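Participant: Going by my numbering, the sequence shown opens with residue 1083, and the numbers climb by one from there.
Quick reminder that beta carbons are idealized off the backbone N, C-alpha and C, glycines included.
Predicted model only: the values in this text are computed from it and were never measured.
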Amino acid sequence: MNKKICCYTIADINNQKYARGLENSFKKFHPDVEFRIFGMEEIKQTNDPMIFYRATPYFGLYLMGQGYDTVIKLDADMVITGDISHVWEGGFDIATVNNSNPREFKKIAVGLQGINPKEYQNCGFVVMKNIEFIKFWLALCMSERFNVFRYKEQDILNNMIYWGSWRVRLLDNEENNKLHGLAGKGYELQMELRDDKLYLPPVEGYPNVEKQVVCWHEAGGNVPNKMNYYLKFNPPVARWLKQLIK
């Protein structure tokens, strides 16, 4: 591998077990790519009471400073369910995934002025290749404007994506027939497992064609029964997911 790639997640005590499961699932598909978990020791060392709201660019910049060409941040409450090497291929500054989908829009529609909820991107799955992008993102997260934004680093990221001049990839909008993270949330019972690949066929017009789900994201904070696959998926899929995180 010519380029140095590192995937990372941030996890407090409550999320350590999920982070380990994420790492295990990632390694099932990418055993040769480094994976880092930034836990309580690293979090405390920042001496920043707001670190969880700007941790993505903070630790992304740290890793870039260690000589990596590409850093991928994943939220701890994710499971990698397929090969994701396509997300770091090609030239761009930042690659992101959708924050929602038609079913989730009915529960909560997150957006910003001038940015439709259907366009709004999620900060849980971010691929970064440009250190200058990360520096600028972190600088904005450290500025006095930071507290104006409800979703902090995520709102700032969306402003940079849509109002800046950076090279951006919107991964869920590409014709790669793959979904990442929250793009499939709420459709778990419609997902099908075939040949050790997870698929979502069109349901009520979404997606427009069958898509392979390469990452599933629980999200929602510390909710009851978090990451209990048997409450969300059909039994064969739930059993398969349990094996991925071991």
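Can you grab the Cα-Cα spacing for the pair Thr1414 / Pro1283, in whole Å?
Facilitator: The structure shown does not extend to residue 1414, since the chain is modelled only from 1083 to 1328, so the question has no answer here.
Participant: Along the beta strand (DSSP E) that carries Val1230, what are the first and last residues, could you check?
Facilitator: As a working note, residue 1230 is residue 148 in the sequence shown. Run containing Val1230: none; DSSP gives neither H nor E here.
Participant: Taking all protein chains shown into account, decide if Tyr1135 is buried (16 or more other Cβ within 10 angstroms of its Cβ) or exposed.
Facilitator: Locating residue 1135 in the sequence shown gives position 53, counting from the first residue. So Tyr1135 counts as buried.
Participant: Excluding the 5 residues flanking Leu1275 on each side, which residues of the same chain have their C-beta closer than 6 Å to its C-beta?
Facilitator: Residue numbering aside, residue 1275 sits at position 193 when the sequence shown is read from its first letter. Taken in chain order, the residues that qualify are Pro1318, Val1319 and Trp1322.
Participant: How many whole angstroms separate the CB atoms of Met1122 and Ile1095, which I take to be in contact at a CB cut-off of 8 Å?
Facilitator: Sequence index remark: in the sequence shown, residue 1122 carries index 40 (1-based). Sequence index remark: in the sequence shown, residue 1095 carries index 13 (1-based). So it is a contact: roughly 6 Å between Cβ atoms.
Participant: Quick check on DSSP: helix, strand or coil for Asn1180?
Facilitator: Position 98 of the sequence shown, counted from the first residue, corresponds to residue 1180. Reduced to three states, the DSSP call for Asn1180 is strand.
Participant: Name the DSSP bridge partner or partners of Gly1263?
Facilitator: As a first step, residue 1263 must be located in the sequence shown, where it is residue number 181. Answer is Trp1298, bridged to Gly1263.
Participant: Along the chain, which unbroken stretches of the alpha helix (DSSP H) at least 4 residues long are found entirely within the segment 1183 to 1207?
Facilitator: 1184 to 1189
Participant: Cutting at 7 Å between CB atoms, please list the residues of its own chain near Cys1088, excluding the five before and the five after it.
Facilitator: Numbered from 1 along the sequence shown, position 6 holds the residue referred to as residue 1088. The residues are Glu1116, Arg1118, Leu1145, Tyr1150 and Val1153.
Participant: Cβ atoms of Gly1206 and Ala1301: under 8 Å apart, would you say?
Facilitator: Counting from 1 along the sequence shown, the entry for residue 1301 is found at position 219. Counting from 1 along the sequence shown, the entry for residue 1206 is found at position 124. The answer is yes: Cβ separation under 8 Å.
Participant: Just to confirm my understanding: we take Met1083, look at its own chain, exclude 5 residues before and 5 after, and list those with CB closer than 7 Å. What are they?
Facilitator: Mapped onto the sequence shown, residue 1083 falls at position 1. Unreliable placement is indicated for Met1083, whose pLDDT of 43 sits below 50; the coordinate value is still reported in the next sentence. So the list reads Asp1114, once near-sequence residues are dropped.
Participant: Mapping DSSP to helix, strand and coil, what is Val1169?
Facilitator: If you number the sequence shown from 1, residue 1169 lands on position 87. Helix, per DSSP.
Participant: Leaving aside the five residues before and after Ile1213 along the sequence, list all residues of the same chain whose C-beta is less than 6 Å from its C-beta, in chain order.
Facilitator: Working through the sequence shown from its first residue, we reach residue 1213 at position 131. So the qualifying residues of the chain are Met1146.
Participant: Suppose the cutoff is 6 Å on Cβ atoms and the five residues either side in sequence are ignored; what does the same chain contact list for Arg1313 look like?
Facilitator: Counting from one through the sequence shown, the residue named residue 1313 turns up at place 231. According to the sequence as given, residue 1313 is Leu; it is not Arg. If we look at Leu1313 and ignore the five residues flanking it on each side, its Cβ neighbours are Asn1307.
Participant: Suppose the cutoff is 7 Å on Cβ atoms and the five residues either side in sequence are ignored; what does the same chain contact list for Gly1142 look like?
Facilitator: Within the sequence shown, residue 1142 is the residue found at index 60, counting from 1. Same-chain partners within the cutoff: Val1153, Lys1155, Met1210 and Ile1216.
Participant: The alpha helix (DSSP H) that contains Met1242, what's its start and end?
Facilitator: Walking along the sequence shown from the start, residue 1242 turns up at place 160. Per DSSP, Met1242 belongs to the alpha helix (DSSP H) from Glu1235 to Trp1245.
Participant: How many angstroms separate the CA atom of Ile1057 from the CA atom of Glu1292?
Facilitator: Residue 1057 is absent from the structure shown; the chain starts at 1083 and stops at 1328.
Participant: Please report the residue range of the beta strand (DSSP E) in which Arg1249 lies.
Facilitator: As a working mapping, residue 1249 is identified with position 167 in the sequence shown. Counting along the chain, Arg1249 falls outside any beta strand (DSSP E), and DSSP gives it neither H nor E.
Participant: DSSP state of Thr1138, grouped into three classes?
Facilitator: Counted from its first residue, the sequence shown places residue 1138 at position 56. Annotated three-state conformation of Thr1138 is helix, per DSSP.
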